[in-house]
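Asker:
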Amino acid sequence: MSVSDNITSHLFTTSPFRVMDKLPNPIGLLCGLAAVALGQILVVAYFHVYRNVYGNARLVQNDDLHVNPKTRYAFAKEAIAHFAQLEGFVLLGSYLSVTWLANWMPASYYRWEGGVQWHLVVLQLLLQDMLQYFAHYAEHKVSATFYRYSHKPHHRFTNPKLFDAFNGSLLDTLCMILIPLYTTANLVHCNVWSYMAFGTIYSSMLTLIHSEYVHPWDDLFRLLGVGTAADHHVHHKQFVYNYGHIFTYWDRIFGTYRCPDDVRTFTKSTKKVQ
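Heads up: the sequence shown begins at 1 in UniProt numbering, then just goes up one per residue.
1. Do ALA229 and ILE246 have their C-beta atoms within less than 7 angstroms of each other?
2. Given that a residue counts as buried once 16 or more other Cβ atoms are within 10 Å of its Cβ, and exposed if not, what is PRO26?
3. Tell me the DSSP bridge mates of PHE266?
4. Between which residues of its own chain and HIS136 is the CB-CB distance below 7 angstroms, once the five residues before and five after are set aside?
5. Can you look up TYR54 in the DSSP assignment and give me helix, strand or coil?
6. Give me, in chain order, the residues of the same chain whose beta-carbon lies closer than 6 angstroms to that of MET205; leave out the 5 immediate sequence neighbours on both sides.
7. Starting from PHE146, trace the alpha helix (DSSP H) in both directions and tell me its first and last residue.
8. Report the option in LEU42, GLY28 and GLU78 whose CA atom is closest to the CA atom of SER203.
9. Note down the Cα distance separating TRP118 from TYR73, rounded to an integer number of angstroms.
10. Check whether the segment 160-172 touches the segment 78-86, counting contact only when three or more Cβ pairs, one atom from each stretch, lie closer than 8 angstroms.
11. Would you check if the distance between the CB atom of THR184 and the CB atom of GLN124 is smaller than 7 angstroms?
12. Output the boundary residues of the alpha helix (DSSP H) element that contains LEU178.
13. Apart from the five residues just before and just after SER108, which ones in its own chain have a Cβ nearer than 8 angstroms to its Cβ?
14. Count the other C-beta atoms from every protein chain shown that fall within 10 angstroms of the C-beta of ASP218, then say buried if there are 16 or more, exposed otherwise.
15. Can PHE157 and HIS236 be called in contact, C-beta distance under 7 angstroms?
16. I need the straight-line Cα distance from LYS271 to ASP64, nearest angstrom please.
17. Ends of the alpha helix (DSSP H) at TRP100?
18. Any idea what DSSP makes of VAL226, helix, strand or coil?
19. Expressed to the nearest angstrom, what Euclidean distance is found between the alpha-carbon atoms of TYR149 and LYS141?
20. Roughly how many angstroms lie between the CA atoms of LEU223 and CYS259, to the nearest whole one?
21. Cβ of ARG58 within 7 angstroms of Cβ of VAL214?
22. Hey, how far is the Cα of PHE89 from the Cα of MET196?
So this is what it looks like as structure tokens:
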């Protein structure tokens with residue numbers, strides 16, 4: 001074989017086209033991204049109706065920041081910023097794309113057989129929330145410097161609104177979301193349908209718990225130990241309670257839970273859960 005033939009052969013076998021041949025089928029990735037995006041669109045659509053049309057929504061905190069005409073935010077502007085957050089959907093989308101296309105996910109995640117495995121979805125949510133609880137607690141407690149560069153930017157919102165959910169720092173997203181996500185994926189092996197269901201529920205919940213309004217289902221959620229907007233507002237307001245996001249189980253187990261009804265500046269729910 002001549003030198004030119006060797007060069008031609010090398011270029012062909014290492015070309016982007018050959019690399020593309022070895023990539024996992026991107027259909028699962030695209031469906032997953034679309035499912036999460038659709039979930040967020042539905043959350044924003046619901047919130048628009050609840051905030052701007054329903055007209056009887058109850059604020060989490062006794063503060064007119066989000067209803068005073070002088071400080072009330074423009075819904076469309078904040079919604080656009082929400083979807084464009086670098087620390088949120090850009091970074092999360094990049095994580096999902098890289099881990100999928102680099103074939104770093106367990107083999108089961110690339111399989112379509114079996115439909116949604118709901119028991120594994122629940123297990124993923126529980127494990128992810130537990131890991132996120134410990135990561136969140138560590139960001140607060142490891143050192144003042146670590147807290148300043150990781151989680152403190154998100155804590156400038158002491159009375160957060162729904163669109164503040166992913167407004168923080170890159171280090172915060174890495175430590176509190178991405179590392180727990182990848183750990184969970186390697187501990188709970190499910191199929192692609194279950195991964196999509198988990199991702200859609202998880203991202204939607206992270207958004208909903210930052211709402212400045214009490215959701216219609218929040219009393220039921222608190223009875224079941226599912227996190228609510230008021231539970232998460234306690235953390236934003238007082239910093240040292242309610243480190244969990246999706247559930248309140250870990251805060252209750254480790255003694256860091258505080259009921260929103262016990263916070264003087266919060267509106268009171270119809271049901272109090274100890």
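C-beta: ideal position from N, C-alpha, C; glycine also.
Answerer: In short, the structure shows the following:
1. no
2. exposed
3. GLN61
4. MET176 and TYR243
5. helix
6. ILE246
7. 144-149
8. LEU42
9. 38 angstroms
10. yes
11. yes
12. No alpha helix (DSSP H) contains LEU178, which DSSP labels as neither H nor E.
13. HIS189, CYS190 and ASN191
14. buried
15. yes
16. Summary for LYS271: the model assigns pLDDT 39, below 50, so the residue's position carries little reliability; its value from the coordinates is reported in the next sentence. For LYS271 and ASP64, the distance between alpha carbons rounds to 23 angstroms.
17. 91-101
18. strand
19. 13 angstroms
20. 12 angstroms
21. yes
22. 15 angstroms
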